[in-house]
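Read through the structure below, which is laid out as structure tokens, and then see the notes.
Residue numbers (full-length UniProt numbering): 1 to 170.
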């Protein structure tokens with residue numbers, strides 16, 4: 001996706017193509033799983049839920065992802081995608097009364113620990129790179145100050161020579 005957005009100046013068009021292709025693939029897989037056309041009939045509530053999910057939820061997810069990419073970068077957005085699975089498992093347990101298995105709970109805990117370990121490492125790396133940049137700036141300022149001081153001394157010496165030469169000519 002990042003390569004496409006570098007070459008294509010319209011990121012929303014490329015995301016539309018991704019959504020379109022995902023919808024097309026889901027349609028093919030759904031037809032393979034449920035080939036009877038009678039089971040594909042949409043009741044009014046199903047049609048409303050499909051349109052709502054397709055427009056509002058996808059648009060909101062796209063907007064929030066774009067905002068996060070703009071603020072923190074692509075890596076952070078992709079790191080939070082595993083939370084969607086955890087949230088889905090938790091909500092299905094709360095709202096639909098589905099069973100939670102030990103594997104789901106352990107997997108969720110490992111995902112959260114891994115995510116926060118990664119974010120902690122990123123924070124440390126950012127602090128280290130910030131400190132390195134500050135040290136480089138200090139060293140560059142010292143060198144610049146020494147060059148300016150040396151240049152100023154040369155100018156003073158040159159001015160003194162000019163004044164001495166000027167006073168001798170008069």
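Beta carbons: idealized from backbone N, C-alpha and C, even for Gly.
Go to residue i, then tell me how far its alpha helix (DSSP H) extends in each direction, as first and last residue.
i: residue 37; result: Note, residue 37: premise wrong, no alpha helix (DSSP H); not H, not E.
i: residue 83; result: 82-95
i: residue 56; result: No alpha helix (DSSP H) holds residue 56; DSSP gives it neither H nor E.
Is residue j closer than 9 Å to residue i when the C-beta atoms are compared?
i: residue 58; j: residue 19; result: yes
i: residue 82; j: residue 111; result: yes
i: residue 34; j: residue 40; result: yes
i: residue 118; j: residue 79; result: yes
i: residue 15; j: residue 91; result: no
Could you round the C-beta distance between residue i and residue j to whole angstroms and report it? I think they count as a contact, below 8 Å.
i: residue 89; j: residue 108; result: 7 Å
i: residue 42; j: residue 50; result: 7 Å
Hey, out of the options, whose CA is closest to residue i's CA?
i: residue 105; options: 117, 116, 85; result: 85
i: residue 115; options: 131, 77, 96, 98; result: 77
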